[in-house]
Amino acid sequence: TRQEAIRDITEYIEIFYNRQRLQPGLGFLSPAVFEQRYYAGLVAA
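Basically the numbering used here = 1-based index in the sequence shown + 31.
Below, the structure written as structure tokens:
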């Protein structure tokens, strides 16, 4: 169904793409790690 497709795509993006896939534009970090480091830097500042 459409709802299952939306759920599966969202799961893929959140689990694989954002947490595991390394991004050259982010210094070869995953988006999740980049975001953690970004916000850690804001708190430390």
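Every residue, glycine too, gets a C-beta built ideally from N, C-alpha and C. In this text the structure is predicted, and so the values were computed from the model without any measurement.
Spatial distance of residue i from residue j (CA atoms)
{"i": "proline 55", "j": "phenylalanine 65", "result": "11 Å"}
{"i": "glutamate 35", "j": "tyrosine 69", "result": "33 Å"}
{"i": "glutamine 67", "j": "glutamate 45", "result": "15 Å"}
{"i": "leucine 73", "j": "phenylalanine 47", "result": "26 Å"}
{"i": "glutamate 42", "j": "arginine 33", "result": "14 Å"}
{"i": "alanine 63", "j": "leucine 57", "result": "10 Å"}
Simplified DSSP state of residue i, which is helix, strand or coil
{"i": "leucine 53", "result": "coil"}
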